[in-house]
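Asker:
In my numbering, the protein residues as written are 2 to 719.
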């Protein structure tokens with residue numbers, strides 16, 4: 002499309018336009034030679050040539066704009082056309098600019114040689130001589146006037162009127178007159194008897210006289226002749242002034258006017274010289290512009306004709322790059338470009354055959370890959386694959402759910418790098434990294450660690466991957482969170498133990514207790530007093546231990562028995578404040594921090610009270626005195642669901658690392674007295690309400706427990 006646009010100006014009308022432009026240039030050159038001034042014809046010819054240059058400039062601009070649009074659209078051949086046009090313009094512009102520069106220099110030097118520098122100096126000297134002669138005459142008349150004023154000083158107005166005529170006759174002046182400071186004429190004398198009044202000074206002369214105390218200047222006379230006017234004060238107090246008008250000889254005036262006219266005329270000629278320079282320079286510039294613009298316009302047409310086959314070839318390669326392997330180009334010539342087009346056609350045929358062969362195989366591979374990705378994405382177990390350097394290659398969504406970190410964001414990094422950014426998983430990640438580096442066969446390992454929600458236990462299985470030549474290509478690790486499974490197994494085991502205790506131990510305890518009480522009742526009266534005391538202590542011990550075993554069996558039965566909770570909507574904050582009010586007499590110092598005014602949960606209030614009582618009592622027993630307990634409630638989000646996060650922290654001795662792993666298991670306690678079922682029951686109640694509880698390992702001021710319960714509604718924030 003651009004090619005056809007470029008062809009439009011190449012017609013007979015453009016050739017005729019070039020002929021008119023060349024003719025107008027010749028006429029303009031002739032007009033500058035015929036006259037020393039810029040004639041009207043010369044101006045019209047200048048306008049015509051300028052319009053011709055503008056026309057060519059528009060044609061070049063249209064082609065340049067079309068080329069720029071092709072560059073923006075990244076059309077085929079646009080870059081090559083731009084490079085060739087730029088090179089042509091540079092090669093044409095450099096010599097033309099050099100020739101234009103030296104032509105202008107030679108032109109200016111030739112015009113300057115028409116004028117003699119000595120004449121310039123002579124004209125300046127003549128003008129300066131004329132001005133000096135007039136200035137000397139002015140100084141002589143000023144001196145003469147001062148002499149006359151000195152003769153009239155200190156004389157009365159009457160004496161001045163009597164003597165002024167004689168002074169006029171001796172001075173050779175045209176007119177002499179005396180004035181007062183108010184402008185009143187005191188006396189006057191003139192060469193013209195008909196002049197009743199002398200030439201009075203105007204306001205400007207009086208102003209200058211008052212400022213400078215004297216006035217002298219060249220003024221025009223009555224018959225267009227020049228005269229010298231001098232006004233000086235007669236007295237020191239400047240109350241009277243003397244004005245003397247001196248004539249200037251006509252010859253001197255004519256000579257001064259002639260010199261000034263000649264100087265002005267010479268300046269006009271000098272100005273005309275610069276105009277000629279400008280005119281000839283403009284003609285050279287127009288010739289240069291017309292030549293360059295015409296050459297550039299022809300270059301656009303020629304280069305586009307040359308680039309046309311290459312342009313088609315580029316379009317063909319772009320079509321192949323876009324996947325059109327059936328592209329065939331017409332062979333328009335048998336030169337090198339034609340051979341290149343034939344080679345291109347053969348290449349596209351071979352590529353089309355290879356594409357068809359590989360497409361079927363690639364489709365099968367893609368189906369298999371999509372099948373494997375679907376399986377991995379829907380697995381509940383986490384799967385991470387590694388390359389030969391044990392850097393992460395892929396990770397499924399389950400890995401994120403189990404480890405709570407975006408493993409897929411750390412592709413091409415090792416597990417050690419991942420552990421450095423997630424310190425809470427450093428132990429488990431380092432353990433897996435070591436197993437990967439050391440294992441040469443399938444391995445399995447259970448790894449226990451403290452995650453963000455407490456203790457977690459992973460069952461990890463790994464296997465190295467090898468190529469057919471036996472070299473290692475990577476490894477795969479599959480892991481699953483078996484924390485809940487292990488805990489369920491433990492709970493089931495403890496429940497079975499509790500039921501067996503209730504059945505196997507509690508039933509024989511009652512006969513043992515009754516038999517001991519019967520022995521004491523029967524034998525207490527028949528034995529001596531010392532033996533009675535021994536019998537009483539022994540039977541009391543038996544009864545007390547039996548009662549203790551009954552209580553232990555009851556606690557186990559309570560732990561193993563399914564709860565019978567009555568769920569209702571309660572405000573957790575109000576419930577906590579009611580419980581804290583019960584411990585006011587005990588001296589415990591409580592501090593609370595609630596993010597909302599109300600936290601509504603669906604739970605059994607009796608069970609939640611039991612949980613809070615157990616945790617507060619444990620905190621109270623863990624501190625010998627001055628017990629301080631901090632209770633916090635915040636909003637938490639897990640798996641797109643809102644939870645109420647309750648934190649209870651004390652200032653006790655805290656928990657050891659080995660206690661944290663088993664703190665919620667039955668019969669685990671650090672107290673001298675106690676069954677160790679308190680926290681186990683607490684954990685059971687929380688889990689029955691759909692929540693979780695764990696030890697806050699980041700708290701170092703004592704023991705801290707965090708409970709998360711599903712929330713029904715959060716009130717307004719404080």
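Every residue gets a Cβ at the ideal spot worked out from N, C-alpha and C, and that includes glycine.
Within the present structure, is the beta-carbon of residue 65 separated from the nearest heavy atom of the ligand MG by less than 7 Å?
Answerer: Absence of the ligand MG is noted for the structure shown, with no ligands found whatsoever.
Asker: Skipping 5 residues on each side, what residues in its chain have a beta carbon closer than 7 Å to that of residue 152?
Answerer: By one-based count along the chain shown, residue 152 stands at place 151. The residues are 168.
Asker: So, are the CB atoms of residue 602 and residue 645 less than 8 Å apart?
Answerer: Translated into the one-based positions of the chain shown, residue 602 becomes position 601. Translated into the one-based positions of the chain shown, residue 645 becomes position 644. Against a cut-off of 8 Å, the Cβ pair of residue 645 and residue 602 comes out as a contact.
Asker: What is the DSSP secondary structure of residue 710, counted as helix, strand or coil?
Answerer: For the purposes of this step, residue 710 is taken as residue 709 along the chain shown, with counting starting at 1. Reduced to three states, the DSSP call for residue 710 is strand.
Asker: Do you know whose CA, among 473, 221, 704 and 301, lies nearest residue 58's CA?
Answerer: Sequence index remark: in the chain shown, residue 58 carries index 57 (1-based). Selected option, being the one with the closest Cα: 301.
Asker: Have a look at residue 574 and residue 600 and give me their C-alpha separation to the nearest angstrom.
Answerer: Reading the chain shown from its first residue, position 573 is the one you call residue 574. Reading the chain shown from its first residue, position 599 is the one you call residue 600. Their Cα atoms are separated by approximately 6 Å.
Asker: Let's test the definition: count the other Cβ atoms within 10 Å of the Cβ of residue 284 and tell me whether it reaches 16, buried, or not, exposed.
Answerer: Counted from its first residue, the chain shown places residue 284 at position 283. When all chains shown are included, residue 284 counts as buried.
Asker: Quick one: residues in its chain with C-beta nearer than 7 Å to the C-beta of residue 387, no 5 flanking neighbours on either side, listed in chain order?
Answerer: Taking the first residue of the chain shown as 1, we reach residue 387 at position 386. Only 393, 394, 437, 475 and 476 meet the Cβ criterion.
Asker: Assign residue 217 to one of two classes, buried (16 or more other C-beta atoms within 10 Å of its C-beta) or exposed (fewer than that).
Answerer: The count along the chain shown starts at 1 and reaches residue 217 at position 216. Buried.
Asker: Kindly indicate which three-state DSSP category residue 36 falls into: helix, strand or coil?
Answerer: Mapped onto the chain shown, residue 36 falls at position 35. With a pLDDT of 44 at residue 36, under the threshold of 50, the predicted position of this residue should be treated as unreliable, and no value is reported.
Asker: Roughly how many angstroms separate the alpha carbons of residue 1 and residue 449, rounded to a whole number?
Answerer: The requested residue 1 does not occur in the structure, where the chain is confined to residues 2 to 719.
Asker: Let me confirm a value: residue 5 is counted as buried when at least 16 other C-beta atoms fall within 10 Å, else exposed. Which label applies?
Answerer: In the chain shown, residue 5 corresponds to position 4, counting from 1. Confidence in residue 5 is poor, its pLDDT being 38 and thus under 50, which makes the residue's placement unreliable; the coordinate value appears in the next sentence. Exposed, since its Cβ has fewer than 16 Cβ neighbours within 10 Å.
Asker: Are the CB atoms of residue 666 and residue 491 within a distance shorter than 8 Å?
Answerer: Taking the chain shown and counting its residues from 1, one reaches residue 491 at position 490. Taking the chain shown and counting its residues from 1, one reaches residue 666 at position 665. Result yes, Cβ atoms of residue 491 and residue 666 sit closer than 8 Å.
Asker: Within its chain, find whatever has a CB closer than 7 Å to the CB of residue 94; leave out the 5 residues flanking it on each side and keep chain order.
Answerer: For the purposes of this step, residue 94 is identified with residue 93 of the chain shown, where counting begins at 1. The residues are 293.
Asker: Tell me which residues share the same chain as residue 374 and place their Cβ nearer than 6 Å to its Cβ, disregarding the 5 neighbours each side in the sequence.
Answerer: For the purposes of this step, residue 374 is taken as the residue at position 373 of the chain shown. Excluding residues within five positions, none has a Cβ falling inside 6 Å.
Asker: When burial is assigned at 16 or more other CB atoms within 10 Å of the CB, is residue 443 buried or exposed?
Answerer: Counting from one through the chain shown, the residue named residue 443 turns up at place 442. The residue is exposed, with fewer than 16 neighbouring Cβ atoms inside 10 Å.
Asker: Here's the rule: buried if 16 or more other CB atoms are within 10 angstroms of the residue's CB, otherwise exposed. What is residue 530?
Answerer: Taking the chain shown and counting its residues from 1, one reaches residue 530 at position 529. Flag for residue 530 reads exposed.
Asker: Compare the Cα-Cα distances from residue 457 to each of 486, 470 and 440 and report the closest residue.
Answerer: Stepping through the chain shown from its first residue, residue 457 is reached at position 456. The residue with the shortest Cα to Cα distance from residue 457 is 486.
Asker: Quick check on residue 423 - is its C-beta less than 8 Å from some C-beta in chain D?
Answerer: Among the protein chains of the structure shown there is no chain D, as only one such chain exists.
Asker: Short check: CB of residue 304 to CB of residue 86, under 8 Å?
Answerer: Indexing the chain shown from 1 puts residue 304 at position 303. Indexing the chain shown from 1 puts residue 86 at position 85. Taking 8 Å as the Cβ cut-off, residue 304 and residue 86 qualify as a contacting pair.
Asker: What's the gap between the Cα of residue 582 and the Cα of residue 591?
Answerer: As a first step, residue 582 is located in the chain shown; it is residue number 581 there, counting from the start. As a first step, residue 591 is located in the chain shown; it is residue number 590 there, counting from the start. Taking the straight line from one Cα to the other gives about 10 Å.
Asker: So residue 465 and residue 440 are supposed to be a Cβ contact under 8 Å. How far apart are they, rounded?
Answerer: By 1-based counting over the chain shown, the position of residue 465 is 464. By 1-based counting over the chain shown, the position of residue 440 is 439. That belief holds up - the Cβ atoms of residue 465 and residue 440 are roughly 6 Å apart, short of 8 Å.
Asker: Can you check whether the CB of residue 577 is closer than 8 Å to the CB of residue 536?
Answerer: Position 535 of the chain shown holds residue 536. Position 576 of the chain shown holds residue 577. Their beta carbons are not under 8 Å apart, which means residue 536 does not touch residue 577 by this criterion.
Asker: Hey, residue 698 and residue 661: beta-carbon distance below 8 Å or not?
Answerer: Here residue 698 corresponds to residue number 697 of the chain shown, with the count starting at 1. Here residue 661 corresponds to residue number 660 of the chain shown, with the count starting at 1. Yes.
Asker: Measuring alpha carbon to alpha carbon, tell me which residue in 447, 710, 412 and 413 is nearest residue 429.
Answerer: Within the chain shown, residue 429 is the residue found at index 428, counting from 1. Cα-wise, what sits closest to residue 429 is 447.
Asker: Using 8 Å as the threshold, is the segment 328-348 in touch with the segment 361-378, meaning 3 or more CB pairs across them?
Answerer: Flag = no, the segment 328-348 and the segment 361-378 do not touch.
Asker: For a quick check, are the C-beta atoms of residue 681 and residue 623 less than 8 Å apart?
Answerer: Here residue 681 is taken as the residue at index 680 of the chain shown, counted from 1. Here residue 623 is taken as the residue at index 622 of the chain shown, counted from 1. Not in contact: residue 681 and residue 623 (Cβ atoms no closer than 8 Å).
Asker: What whole-angstrom Cβ distance do residue 317 and residue 340 have, given they're in contact under 8 Å?
Answerer: Taking the chain shown and counting its residues from 1, one reaches residue 317 at position 316. Taking the chain shown and counting its residues from 1, one reaches residue 340 at position 339. Not really, about 15 Å apart at Cβ, beyond 8 Å.
Asker: Can you grab the Cα-Cα spacing for the pair residue 498 / residue 390, in whole Å?
Answerer: Locating residue 498 in the chain shown gives position 497, counting from the first residue. Locating residue 390 in the chain shown gives position 389, counting from the first residue. Their backbone Cα atoms lie some 49 Å apart in a straight line.
Asker: May I ask you to list the residues that DSSP assigns as paired with residue 343?
Answerer: Position 342 of the chain shown, counted from the start, is the residue given in the question as residue 343. The partner list for residue 343 (beta bridge, DSSP) is empty, contrary to what the question assumes.
Asker: Take the Cβ of residue 53 as the centre, count every other Cβ of all protein chains shown within 10 Å, and call the residue buried at 16 or more, exposed below.
Answerer: Walking along the chain shown from the start, residue 53 turns up at place 52. Buried.
Asker: Taking the CB atoms as reference points, tell me whether residue 108 and residue 312 lie closer together than 8 Å.
Answerer: Counting from 1 along the chain shown, the entry for residue 108 is found at position 107. Counting from 1 along the chain shown, the entry for residue 312 is found at position 311. No.
Asker: So residue 518 and residue 540 are in contact, right, with Cβ under 8 Å, and what is the actual spacing, rounded?
Answerer: Here residue 518 is taken as the residue at index 517 of the chain shown, counted from 1. Here residue 540 is taken as the residue at index 539 of the chain shown, counted from 1. That belief holds up - the Cβ atoms of residue 518 and residue 540 are roughly 7 Å apart, short of 8 Å.
Asker: Which residue marks the beginning of the alpha helix (DSSP H) containing residue 606, and which one marks its end?
Answerer: Residue numbering aside, residue 606 sits at position 605 when the chain shown is read from its first letter. Residue 606 -> alpha helix (DSSP H) spans 606-623.
Asker: Would residue 678 and residue 692 qualify as a contact pair, given that the criterion is a beta-carbon distance under 8 Å?
Answerer: Taking the first residue of the chain shown as 1, we reach residue 678 at position 677. Taking the first residue of the chain shown as 1, we reach residue 692 at position 691. No, these two residues do not count as a Cβ contact at 8 Å.
Asker: Buried or exposed for residue 148, going by 16 or more other Cβ atoms inside 10 Å?
Answerer: By 1-based counting over the chain shown, the position of residue 148 is 147. It counts as exposed.
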